[in-house]
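Numbering (this note's numbering), first residue to last: 138 to 592.
Ideal Cβ placement from N, Cα and C applies to all residues, glycine included.
See below for the structure under consideration.
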Ligand code: ZN
């Protein structure tokens with residue numbers, strides 16, 4: 138049994154900040170947790186410790202297109218023209234490229250303070266749209282990237298069948314995504330095998346959206362979740378709301394709440410365009426909203442009414458989604474700034490008990506992300522030692538303490554403020570750099586060269 142001991146001058150525990158905390162970690166889990174104690178000989182010591190954050194929504198391969206779609210096209214640019222560019226990129230990725238790009242994305246997530254990723258994985262088939270000999274070939278590549286980088290994985294194989302509401306046939310650009318219900322069942326089964334060697338991996342299901350999956354198809358695949366998480370994109374775009382209304386007479390979230398058993402296992406990704414009644418409905422059901430502020434800003438989606446949702450007791454977490462920029466602190470910062478800009482106020486997302494915005498955002502994203510990804514993320518005996526330390530000598534944290542460290546990291550610092558990251562007790566990031574940064578970066582460049590040359 139491997140045992141290591143870490144000591145933190147201050148560590149954020151489930152019941153708040155504690156000083157002088159010693160953790161003995163055995164086989165990746167916290168075995169002994171002692172507060173108000175001194176470091177012992179041989180302990181690795183750090184100043185400021187936090188639990189690792191869950192990243193509840195990612196399409197890892199999209200890291201490869203980051204920054205490539207920031208050019209005006211011949212027509213009005215929108216989410217929908219971005220999506221066409223994404224489909225062209227997808228056309229030229231093979232299994233090796235999927236793995237290399239995912240490894241780069243996961244490495245950057247770890248370096249920014251995320252320790253678990255919910256990978257909403259929808260590219261399944263070969264470039265002609267035919268299944269690989271192993272139907273979970275690309276899923277296994279994502280799992281391999283998680284294994285190589287050390288990030289914990291909640292794998293969400295995507296069910297994708299149609300091009301639009303009402304069961305429209307999938308378009309040629311979607312051929313690599315599409316499965317019928319039977320083949321999707323085999324894919325989920327094969328996905329469980331693909332992650333079986335990864336410690337603490339979780340498998341859930343992900344009907345892509347109400348555009349790509351009919352309500353009755355979603356109902357039919359629900360048993361495949363087997364108690365695990367259920368994620369769906371919903372109400373990201375106003376056009377999606379209009380199309381849903383035209384087809385069904387209901388708005389997307391309204392329809393979801395009305396026709397499917399949405400509960401705390403569900404994560405509604407984006408839910409950008411919701412009415413007060415829909416927002417209340419999500420909060421009442423206990424589902425998580427998966428907010429992806431950087432991507433939603435990049436794609437011009439709109440703003441989720443987070444302040445009123447939070448006041449209703451709604452649960453949310455954050456995701457890096459398109460991975461155009463990977464930074465846990467910046468996701469939280471932009472989430473808060475969106476509310477400030479739209480409501481013309483300051484300090485929008487706080488709880489009554491916690492004046493610190495940074496602490497309120499962090500606690501909410503930690504709890505919501507853990508719920509959405511079906512894996513606990515609290516620092517307690519018996520739980521995985523998933524930890525982040527901050528650079529106490531970073532000027533963004535100077536002369537601050539406890540919750541003000543979180544405010545400093547989120548509002549004045551960012552990714553460069555992260556020092557070390559441990560996942561299941563293994564130190565993966567040291568001084569802000571992942572142990573395999575050079576090798577993975579090199580492979581990523583090579584893979585990208587191949588994809589971009591072909592596209
Ligand atoms: Zn997404």
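Which residue or residues does DSSP assign as beta-bridge partners of residue i?
i           : result
residue 154 : 149
residue 435 : According to DSSP, residue 435 bridges with nothing at all.
residue 369 : 405
residue 301 : 305
residue 169 : 161
residue 362 : Its beta-bridge partners do not exist; DSSP assigns none.
residue 258 : 294
residue 557 : 526
Quick one: does the C-beta of residue i sit closer than 8 Å to a heavy atom of the ligand ZN?
i           : result
residue 459 : yes
residue 432 : yes
residue 194 : yes
residue 337 : no
residue 429 : yes
residue 406 : yes
residue 261 : no
residue 257 : yes
residue 410 : no
residue 536 : no
residue 586 : no
residue 299 : no
residue 571 : no
residue 370 : yes
Report yes if the CB atom of residue i is closer than 9 Å to the CB atom of residue j, and no otherwise.
i           : j           : result
residue 242 : residue 195 : yes
residue 159 : residue 171 : yes
residue 451 : residue 508 : no
residue 358 : residue 369 : no
residue 637 : residue 545 : Nothing can be reported for residue 637: it is not among the residues displayed for the chain, which extend from 138 to 592.
residue 444 : residue 485 : yes
residue 419 : residue 436 : no
residue 525 : residue 303 : no
residue 469 : residue 510 : no
residue 197 : residue 282 : yes
residue 592 : residue 226 : yes
Return the CA-CA distance between residue i and residue j, expressed in angstroms with no decimal places.
i           : j           : result
residue 491 : residue 500 : 10 Å
residue 208 : residue 350 : 31 Å
residue 247 : residue 279 : 15 Å
residue 560 : residue 371 : 31 Å
residue 417 : residue 392 : 14 Å
residue 216 : residue 178 : 56 Å
residue 152 : residue 517 : 10 Å
residue 377 : residue 389 : 8 Å
residue 488 : residue 156 : 24 Å
residue 551 : residue 542 : 11 Å
residue 496 : residue 504 : 12 Å
residue 400 : residue 214 : 36 Å
residue 301 : residue 406 : 18 Å
residue 262 : residue 276 : 10 Å
residue 285 : residue 336 : 12 Å
residue 442 : residue 411 : 8 Å
residue 514 : residue 306 : 40 Å
residue 187 : residue 404 : 24 Å
residue 175 : residue 183 : 12 Å
residue 326 : residue 292 : 12 Å
residue 202 : residue 427 : 22 Å
Could you check what DSSP says for residue i in three-state terms: helix, strand or coil?
i           : result
residue 404 : strand
residue 545 : helix
residue 272 : coil
residue 349 : coil
residue 288 : coil
residue 182 : strand
residue 588 : helix
residue 577 : helix
residue 376 : helix
residue 413 : helix
residue 253 : strand
residue 521 : strand
residue 572 : coil
residue 454 : strand
residue 583 : helix
residue 429 : coil
residue 498 : helix
residue 479 : helix
residue 206 : coil
residue 344 : strand
residue 317 : coil
residue 336 : coil
residue 421 : helix
Any heavy atom of the ligand MG closer than 8 Å to the CB of residue i?
i           : result
residue 432 : Among the ligands in the structure shown, the ligand MG does not appear; only the ligand ZN can be found there.
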